[in-house]
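Protein chains: 4
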Amino acid sequence: MLIVMQAQAGEEQVRAVCQKIELMGYRPHTVAGAGQTAVGIAGNTGEVNASAFEGMPGVAEVVRVTKPYKLVSRDFHPDNTVIRFPCSGAVIGGSELTVIAGPCSVESREQLFAVAERMAAQGVRFLRGGAFKPRTSPYAFQGLGESGLQLLVEVRERFGLLIVTEAMDESSLELVERYADVIQVGSRNMQNYSLLKQVGRATKPVLLKRGMSATLEEYLLAAEYILNEGNQQVILCERGVRTFADHMRNTLDLSFVPAAQQLCHLPVIVDPSHGTGRSDKVLPLSRAAVAVGADGLIVEVHPVPERALSDGAQSLTCDQFDEVMAQIRPIAALVGRSVPAPLSTAAATLAASR
Amino acid sequence: MLIVMQAQAGEEQVRAVCQKIELMGYRPHTVAGAGQTAVGIAGNTGEVNASAFEGMPGVAEVVRVTKPYKLVSRDFHPDNTVIRFPCSGAVIGGSELTVIAGPCSVESREQLFAVAERMAAQGVRFLRGGAFKPRTSPYAFQGLGESGLQLLVEVRERFGLLIVTEAMDESSLELVERYADVIQVGSRNMQNYSLLKQVGRATKPVLLKRGMSATLEEYLLAAEYILNEGNQQVILCERGVRTFADHMRNTLDLSFVPAAQQLCHLPVIVDPSHGTGRSDKVLPLSRAAVAVGADGLIVEVHPVPERALSDGAQSLTCDQFDEVMAQIRPIAALVGRSVPAPLSTAAATLAASR
Amino acid sequence: MLIVMQAQAGEEQVRAVCQKIELMGYRPHTVAGAGQTAVGIAGNTGEVNASAFEGMPGVAEVVRVTKPYKLVSRDFHPDNTVIRFPCSGAVIGGSELTVIAGPCSVESREQLFAVAERMAAQGVRFLRGGAFKPRTSPYAFQGLGESGLQLLVEVRERFGLLIVTEAMDESSLELVERYADVIQVGSRNMQNYSLLKQVGRATKPVLLKRGMSATLEEYLLAAEYILNEGNQQVILCERGVRTFADHMRNTLDLSFVPAAQQLCHLPVIVDPSHGTGRSDKVLPLSRAAVAVGADGLIVEVHPVPERALSDGAQSLTCDQFDEVMAQIRPIAALVGRSVPAPLSTAAATLAASR
Amino acid sequence: MLIVMQAQAGEEQVRAVCQKIELMGYRPHTVAGAGQTAVGIAGNTGEVNASAFEGMPGVAEVVRVTKPYKLVSRDFHPDNTVIRFPCSGAVIGGSELTVIAGPCSVESREQLFAVAERMAAQGVRFLRGGAFKPRTSPYAFQGLGESGLQLLVEVRERFGLLIVTEAMDESSLELVERYADVIQVGSRNMQNYSLLKQVGRATKPVLLKRGMSATLEEYLLAAEYILNEGNQQVILCERGVRTFADHMRNTLDLSFVPAAQQLCHLPVIVDPSHGTGRSDKVLPLSRAAVAVGADGLIVEVHPVPERALSDGAQSLTCDQFDEVMAQIRPIAALVGRSVPAPLSTAAATLAASR
């Protein structure tokens, strides 16, 4: 913590600040700058309360210099966190690019199987699909609930895909934890601290999406809530933030990826579907996300997007998804990432007929 | 819904759009503009799925013309909603300016009584104070929980103040609903739809704070969730939004007040404490909030802000709060609002000694 | 300047930073925080180049602690700047609330006289009206140019109103400086440094509008450009900033007023017309702007807004303007500001017939 | 234009809107939606004034359906604009990826030659370097002026690089147009309409950088100003926008690239140096910019960034620039773009010794 004094602050005001620091049990260090004095605090082992100084006479500004998060930081855990799924051999955060694909909402067995078959043929290992849907309007489709989860399990059994699906609250979390392989926490719940603590006690990895207007620090602190409860398996996901720009649904902040990777050891994936809101922009932004160095992608795919009960405008068709996979494979290779090979047609047909 | 065609769209593309509208059971109305054609949809009784048209050849844009909310709208309920608290005579949304004041967090009986006595002396009817605190960092003070609620009840009994306190999840809601008079839902939970549905079934009024980056429409839809479950007693609260501006903690959006009041019948109050994050700016912004026509204010007051366990930098001292009350009284009168008179010193002393 | 080291930075990295500071001729001061070290710089008389340190091994962050502006600062000039117009007795920045009103664009003598007569009747001292218009579209009305300025001069002669009008470039500035009493620099030119330097050498006061997304610091630095050329008569104007919020044309940032007044000695006025973009919202936000403590208002008024060649949607009618004046007078009085009295009907008629 | 009526609007209010449309010489088309009526306008050849309707009783909203720009639009000019530099064989907007590199400011012959030699060795065709610098602070280095331009010309003669440099106003434009190959207009001047008109009459191509908070539409309208004066050779440049996010200097909006390319025929390049503000983030964002499909890159390179007089923190060293080139070449190939080959060491040495 650094307390910056006003240019016209008198010596006695600087002294009062130093005395307060000493009263708190710390040591003040005075630094005289160009026309201004600053007082540093040493000897503290935790965070110092800035507001104790903000109102004092002569104080211009209080600058925090220690990061408020710890467990998510590379200072604490220098190596990348790699999340392993032993039964399937899949990993998130390793050298293989993670691709998570599937419909926004689970709507029917037909819909889910149609998508899953095409995913599996591409070698994709993770299927996304919402059974509990946080919707802006109370009148919009709210998801199939537990029967949606059961359909996801059928798909896992048939195609060997791991399931990523969202939990919205304590009761849906209990179900999601039971059925799914990865628990998703949505953007609107990024600062739902009760839910964060609950998933922090869960035994499954958590995909925590960035809030609509979350700073990097707030986002890392939200992840810190989860790690602090004991669950170390957290995946970050940039999905576009809210800005003045109106040419896309959100502004996809790809610089977030290397910025987060530098400070934090958790895997960072990108959601170009929510990040753009428009299916024809998912392809170029998927290429860019892989090129920037993301650990993976999560994209929405629907067999017939125009009939989707949610997010149709941003869902790829299965053919468009194949094109995304075809275009990102060589870019992934250039940035040192492998991508599972597509199954040969024969193998894919066989897999589908299991 | 209006489907705007591209300038170079051919007749057959316009025809395809019209046919799709007819297939959906609606009637297309073609409007030829300057160099561009648009097709309106008539005959629909609910919302039409925009994504059905967004991908069609020749379509430039799909424009929604019907508001997606209903119960919160003045179209549906033209008169102001007035929330009454029969036992105390207090109202929110009526001609009396509502003032809600108190500490960010309930910390101790001493703290709470010190503030409450001064509030009561000012004629204030509502005490705020958090027992369950959503904090950005997992290491920050998280509130006293139920024992904090019990302290609030003691204050209600002693000073006759109504209690406003936050619920964060199902379990805290159960307690808050039992102890408090108004259930607060915080900014970070504005789109926690599970919590919104739960408070929608509660029997107490709900103070729903605006999300950090919520548009007016998203905010009204969040309120719509509550009304749709049966609870008509919702209070909106502008508390600053997140922008690029860094001279305050948030950017207080006072134009929100008349904008919301025009579209929506619910009371709209303003939180200049979170809206600025700095105690010395609460006074001028409180004056402005009353002048713009807000139905009330919610402000943070602490007997010794520099010792506050949360939000000290934005908390008023009791003396500063008295000054806020003194300055807003005549402004309230100018915009047609009454403010309860301060108790005479004698009466205040008597009240405190009850 | 404070160089914050990474938690894992070694002693030799801290030493390298200290050596670099010494090489630059300054003195390093090491401050050991909780798990991290910071190095302060002392002995510098001007700004230190942050980038000299940002790339060094072990450096986490470089924090600037000295404000980069000087002439606009209260540290340099503690008293309010009051701009006086001797011939008319008007002031800006004094205890009288400054009201500047008039049409967005000068369109015709009839238009201008119709508005000016009503302004004068209200005791208003400043008429705004653009002769050179910066328009988002090249196809929109670009202003009458010099003949517009001549119409403004006719109005000054007839009604005694002082003229505020915009200069866009060197050639229009020459004309504006000759004809007008206050030179306006628009939001889009807030960082047009060539223009700022030119108006800094002008002999008339400058009304510098805040840029669409200017931080307080950038705005003060833009004003610093003008003062640095010798012109001390600068008026700041909050006119709404660009955010995600879409219920108004811009988000009026009223907290800017006390924040700027605290750091800077220049007068600060508010433009609720551009700040909202909607005429029916100008009245409540005008009240709020006066209540927050602004030194004045600038509002758009048009005799027939629906026929305005620019900004019709946000222009008040003359009757609406009368209502604004009626409502802000008593609020101004409450915050210690006088407002010139309206002329009696007789006097106004007489004035108009001069 | 579509006028949307309020739900409770009466028939006579709809009729009044229709009559007004007819009075303006257009034809009204009534569209009855779910509970609301909308009135379309047909028969207009130019833009209709929205404000004529916004204040009318019963009107909820006025929706514009025609884009306000024309010359920059693909509706008007479906093919890509390709800007050719006949003497050098370079193009912008063609199949070859354009790379523009060089220091933020021209500081000295040594600095410029050191960078240019390395650029030329990479096959780069365009050198950037500012001689006139728009700086946030009046106390920061403002550029060498004409002598800087002369140094740039020396470099062109020695290394065959084309010169891109910024003009800030009429007088610097005259010089820049004489010396440079491409005239840059900076972000802060994106809505300096006087300058836009002047460069619109220039005979050299214009690199127009996106404003800090410019929407796509505003940006295209700024380009429209230039085309409307006769200069068809305009290059757009995404350079990061201003948002709440604070982990980078700006938020690089890569979705802008495909969005602009879809609507507009002009080349679109990306500036990852300003877009991130941090040299270590330029590499990953350069890869992403090429992958998303940009027509080119503009990056800052300095022989010794820590001694740079401006923008040192975001400048690459020459070695880092080589790495950027090495990494983007194969990505460019994947998206169908060629990149000029680096000269062989021998050829480069020869070129430098010419």
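Residue numbers (this note's numbering), protein chains in the order written: chain U, 1127 to 1480; chain W, 1127 to 1480; chain Y, 1127 to 1480; chain P, 1127 to 1480.
In this text, a Cβ means the ideal position worked out from N, Cα and C, and glycines have one as well.
As the structure is a computational prediction, the values presented were derived from the model and not from experiment.
Could one say the Cβ of N1315(P) lies closer than 8 Å to chain Y's Cβ atoms, at least one of them?
yes
Can you pull the chain U residues whose beta carbon is under 9 Å from the beta carbon of P1384(P), in chain order?
T1402, D1406, K1407, L1409, P1410 and L1411
Segment limits, beta strand (DSSP E) that includes F1267(U):
Note, F1267(U): premise wrong, no beta strand (DSSP E); not H, not E.
Count the other CB atoms, across all protein chains shown, that sit within 10 Å of the CB of R1433(Y); report buried if there are 16 or more and exposed otherwise.
exposed
Please confirm whether L1253(U) has its beta-carbon closer than 8 Å to some beta-carbon of chain W.
no
Need the endpoints of the alpha helix (DSSP H) that M1245(U) sits in, please.
R1235 to A1247
Is the CB-CB distance between L1275(Y) and Y1305(Y) below 8 Å?
yes
Nearest to N1357(P) by CA position, among I1309(P), F1370(P), D1397(P) and A1385(P), is which residue?
I1309(P)
I want to see whether chain W comes within less than 8 Å of Q1359(P), judged by CB atoms only; does it?
no
Could you give the C-beta distance for P1456(U) and L1460(P), rounded to a whole number, given that I count them as a contact under 8 Å?
5 Å
Along the stretch 1448 to 1461 of chain P, what residues have a CB closer than 8 Å to any CB found in chain U?
Q1453, P1456, I1457, L1460 and V1461
Considering Cα atoms alone, identify which of M1150(P), K1335(P) and A1348(P) is closest to V1290(P).
K1335(P)
Continuous alpha helix (DSSP H) stretch holding F1447(P): start and end
C1444 to L1460
Is the beta carbon of V1427(Y) sitting closer than 8 Å to the one on P1229(Y)?
yes
I want to see whether chain P comes within less than 8 Å of R1141(W), judged by CB atoms only; does it?
no
Nearest-angstrom beta carbon gap, P1384(U) and V1418(U) [assumed within contact, 8 Å]
7 Å
Could you check where the alpha helix (DSSP H) with F1179(U) kicks off and where it finishes?
S1177 to E1180
How would you label P1398(P), buried or exposed, when you count the other beta carbons within 10 angstroms and need 16 or more for buried?
buried
Within the stretch 1376 to 1404 of chain U, ranges of the beta strand (DSSP E) (whole runs, at least 3 residues):
1394 to 1396
How about A1240(P) and P1429(P): do their beta carbons lie closer than 8 Å?
yes
Per DSSP, which one or two residues make a beta bridge with G1422(W)?
T1224(W) and I1395(W)
Tell me, please, whether the CB atom of A1176(W) is closer than 8 Å to any CB atom in chain P?
no
Evaluate V1416(P) with the Cβ neighbour count: other Cβ atoms within 10 Å of its Cβ, from every protein chain shown; 16 or more gives buried, anything less gives exposed.
buried
Quick check on P1264(P): buried or exposed, where buried means 16 or more other Cβ atoms within 10 Å of its Cβ?
buried
For H1373(P) and chain U, any beta-carbon pair shorter than 8 Å?
yes
Which residues in the same chain have their Cβ closer than 6 Å to the Cβ of M1150(U), if we skip the five residues on either side of it in sequence?
none
Rounded to the nearest angstrom, what separates M1294(Y) and I1129(W) at their Cα positions?
39 Å
Just to confirm before moving on: does the CB-CB distance between V1225(Y) and F1252(Y) stay below 8 Å?
yes
Let me know the secondary structure DSSP gives Q1310(Y) once reduced to three states.
strand
Among the residues of its own chain, which have a CB less than 8 Å from the CB of F1382(U), if the five just before and after it don't count?
R1336, L1342, E1364 and V1394
Cβ neighbours of Q1317(W) in the same chain (closer than 8 Å, five flanking residues each side left out)
G1337, A1340, E1344 and A1348
Euclidean distance between Cα positions of D1448(U) and M1127(U):
52 Å
A1439(U) and A1176(W): beta carbons closer than 8 Å?
yes
Quick check: is the beta carbon of N1206(Y) nearer than 8 Å to any beta carbon in chain P?
no
For R1251(P), which of helix, strand or coil comes out of DSSP?
coil
Figure out for me which residue from A1414(P), K1407(P), S1464(P) and G1462(P) has the closest Cα to the Cα of L1442(P).
K1407(P)
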